[in-house]
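Visitor: If you scroll down you'll find the structure; I have some questions about it.
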C-alpha cells in the first residue's frame, strides 16, 4: 500500500486539531497556560507559541505537553474509508 501524501493545508489542519484537543483538555481540567508552562519548565510565551496552531509541533514537544498535563495521548490511523484501523496509545 502506498502512503497517502498530505497537502500543506491538511497538515496544518491536523496540527490545529491537535492544538484544539490540548486546549479542550486544559479547559476541562481547569489548567491555565501559566500552569502548563510551569509544569513544562518553559515560559508562558513558549506555551503560547505551542498552542498558537502555527507551531510545527515535534513529537517530543507534543509528548512534553501531554506529560505536563498528566494526560494520555491516543492516536488512531485508518484508511480513507474508515476500515482497517490501527491504533496505539501513549500513557
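Numbering (my numbering), first residue to last: 7 to 97.
In this text, a Cβ means the ideal position worked out from N, Cα and C, and glycines have one as well.
Just so we're clear, the structure is a prediction, and the values are computed from it rather than from any experiment.
#1: Does the separation of the CB atoms of residue 31 and residue 77 fall below 7 angstroms?
#2: Does the beta-carbon of residue 83 have 16 or more other beta-carbons within 10 angstroms, so that it is buried, or is it exposed?
#3: In the DSSP assignment, the alpha helix (DSSP H) including residue 82 goes from what residue to what residue?
#4: Which same chain residues end up closer than 8 angstroms to residue 57 when comparing Cβ atoms and leaving out the 5 residues on each side of it in sequence?
#5: Since residue 37 is in the alpha helix (DSSP H), which residue starts that stretch and which ends it?
#6: Tell me which same chain residues have a C-beta within less than 8 angstroms of the C-beta of residue 70, skipping the five on either side of it?
#7: Would you kindly work out how many angstroms separate the C-alpha atoms of residue 49 and residue 41, rounded to a whole number?
#8: Tell me whether residue 27 sits in a helix, a strand or coil according to DSSP, three-state version.
#9: Rounded to the nearest angstrom, what separates residue 43 and residue 85 at their Cα positions?
Guide: So, to answer that:
#1: yes
#2: exposed
#3: Run containing residue 82: none in the alpha helix (DSSP H); it sits in the beta strand (DSSP E), 79-83.
#4: 25, 28, 29, 39
#5: From DSSP, residue 37 is part of no alpha helix (DSSP H); its letter is neither H nor E.
#6: 46
#7: 10 angstroms
#8: helix
#9: 36 angstroms
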